[in-house]
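Below you'll find the structure, written out as structure tokens, and then a few comments.
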Amino acid sequence: MIETVVPSNKEMAAALKRTATILSELHILSPEGNGSLGGAADRLLREPEKHWACNTTKSQPITFEKRTDRSKQSFQPTIGVDRIEVRENGEELPFVKWDISLLLKFDNGTAHCPRWHFDLGNPDQEGPKTHLQYGGYKHPNNPGLGPSVREPRWNTAPMDIILLCETVSANFFHEIWERSLRRDTSWTEIVRMSQRLCYPHYLRTLYSSLNSSGSGTHLDHCWNRQ
Numbered sequence: 000m001i002e003t004v005v006p007s008n009k010e011m012a013a014a015l016k017r018t019a020t021i022l023s024e025l026h027i028l029s030p031e032g033n034g035s036l037g038g039a040a041d042r043l044l045r046e047p048e049k050h051w052a053c054n055t056t057k058s059q060p061i062t063f064e065k066r067t068d069r070s071k072q073s074f075q076p077t078i079g080v081d082r083i084e085v086r087e088n089g090e091e092l093p094f095v096k097w098d099i100s101l102l103l104k105f106d107n108g109t110a111h112c113p114r115w116h117f118d119l120g121n122p123d124q125e126g127p128k129t130h131l132q133y134g135g136y137k138h139p140n141n142p143g144l145g146p147s148v149r150e151p152r153w154n155t156a157p158m159d160i161i162l163l164c165e166t167v168s169a170n171f172f173h174e175i176w177e178r179s180l181r182r183d184t185s186w187t188e189i190v191r192m193s194q195r196l197c198y199p200h201y202l203r204t205l206y207s208s209l210n211s212s213g214s215g216t217h218l219d220h221c222w223n224r225q
């Protein structure tokens, strides 16, 4: 099975700065988003080599260039990172903290702003250990626009800043991604580093569940346990 590879703080900081440069040159990342990624990289350099954390400030999330929906309403994809903390942990999950979100922030203050939130389950929380939830944005002009139900918590492999940047690029800037990123080795090398951090533990859990002689399912194997 593929082993988890935790990059050093310097390696991840360099990858974040390179991500900022590439996506800015392609007019995917906004100037403010470029500054946010650069700030996260600078803070990361002050962290321990193999047990590091990174975040973005609430006042400066990672913002992308604006897009329009099918109704011609303008919105801005925005990544917020409350905290991602990793450490070398053998075959166990490398994430100590994992709290990252994607918000589509509409210019129209009365529009619903979709938000997807990725994090780790709390010790006493029912659900998959690494999960995705919908909602969580507090609409300042209309609090009732947010969903009233927190579930479901979707079972998912972790994604870090770089993998979420790839997802935003491929979905909202598809033509640019197809033309300039998808096969560009300078970009895919960065993404592959994050894949080696985020995916192996999930894949080992999936492999274990598929080869288990017991009655447990993959979701059962991934369920949060104290």
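Residue numbers (numbering that gives the first Met the number 0): 0 to 225.
Glycine included, C-beta positions come from ideal geometry on N, C-alpha and C.
Self-check item: Secondary structure of residue 199, DSSP reduced to three states
Solution: Within the sequence shown, numbered from 1, the residue matching residue 199 stands at position 200. Looking at residue 199 - three-state DSSP - the assignment turns out to be helix.
Self-check item: Alpha-carbon spacing of residue 19 relative to residue 32, whole angstroms
Solution: Position 20 of the sequence shown, counting from 1, holds the residue named residue 19. Position 33 of the sequence shown, counting from 1, holds the residue named residue 32. In this structure, the alpha-carbon of residue 19 lies about 8 Å from that of residue 32.
Quiz item: According to DSSP, which residues form a beta bridge with residue 98?
Solution: Working through the sequence shown from its first residue, we reach residue 98 at position 99. In the DSSP output, where bridge partners are listed per residue, residue 98 has 82 and 118.
Self-check item: Cut-off 7 Å between Cβ atoms - residues of its own chain near residue 17, not counting five sequence neighbours on either side
Solution: For this step, residue 17 is matched to residue 18 along the sequence shown. Leaving aside the five residues that flank residue 17 on each side, the residues in its chain whose CB is nearer than 7 Å to its CB run, in chain order, 189.
Exercise. Would you give the residue range spanned by the alpha helix (DSSP H) that residue 15 belongs to?
Key: Numbered from 1 along the sequence shown, position 16 holds the residue referred to as residue 15. 8-24 is the span of the alpha helix (DSSP H), which, as asked, contains residue 15.
Practice problem: Just list the beta strand (DSSP E) runs in the region 122-160, keeping only unbroken ones of 3 residues or longer that don't cross its boundaries, in chain order. | Solution: Counting whole runs of 3 or more residues, the region 122-160 contains the beta strand (DSSP E) stretches 129-133.
Practice problem: Count the CB pairs spanning the region 47-54 and the region 74-90 that are closer than 8 Å, and state whether there are at least three. | Solution: With a cut-off of 8 Å, the region 74-90 and the region 47-54 count as touching, because enough Cβ pairs lie within range.
Practice problem: Tell me whether residue 225 sits in a helix, a strand or coil according to DSSP, three-state version. | Solution: Stepping through the sequence shown from its first residue, residue 225 is reached at position 226. With a pLDDT of only 49 at residue 225, under the threshold of 50, the placement of this residue in the model should not be trusted; the figure read from the coordinates follows. Per DSSP, reduced to three states, the secondary structure at residue 225 is coil, with no helix or strand assignment.
Quiz prompt | For residue 69, the three-state DSSP class (helix, strand or coil) | solution = Position 70 of the sequence shown, counted from the first residue, corresponds to residue 69. Here residue 69 sits in coil by DSSP.
Quiz item: What number of angstroms, rounded off, separates the C-alpha of residue 107 from the C-alpha of residue 201?
Solution: One-based indexing of the sequence shown puts residue 107 at position 108. One-based indexing of the sequence shown puts residue 201 at position 202. Approximately 38 Å between the Cα atoms of the pair.
Self-check item: Exposure of residue 89, with buried meaning 16 or more beta-carbon neighbours within 10 Å
Solution: Translated into positions along the sequence shown, residue 89 becomes position 90. Only exposed fits residue 89, as fewer than 16 other CB atoms lie within 10 angstroms of its CB.
Self-check item: Rounded Cβ spacing between residue 21 and residue 63 (contact assumed at less than 8 Å)
Solution: Position 22 of the sequence shown, counted from the first residue, corresponds to residue 21. Position 64 of the sequence shown, counted from the first residue, corresponds to residue 63. In this structure residue 21 does not touch residue 63 by the C-beta definition: roughly 13 Å separates them, more than the 8 Å allowed.
Practice problem: Can you grab the Cα-Cα spacing for the pair residue 163 / residue 210, in whole Å? | Solution: Residue mapping note: residue 163 aligns to position 164 of the sequence shown, counting from 1. Residue mapping note: residue 210 aligns to position 211 of the sequence shown, counting from 1. Answer to the nearest angstrom: the Cα atoms are 30 Å apart.
Exercise. Might you give, ordered along the chain, the residues of its own chain that have their beta carbon closer than 7 Å to the beta carbon of residue 60, omitting 5 neighbours on each side?
Key: Taking the first residue of the sequence shown as position 1, residue 60 is located at position 61. Excluding residues within five positions, the ones whose Cβ falls inside 7 Å are 35, 77, 78 and 79.
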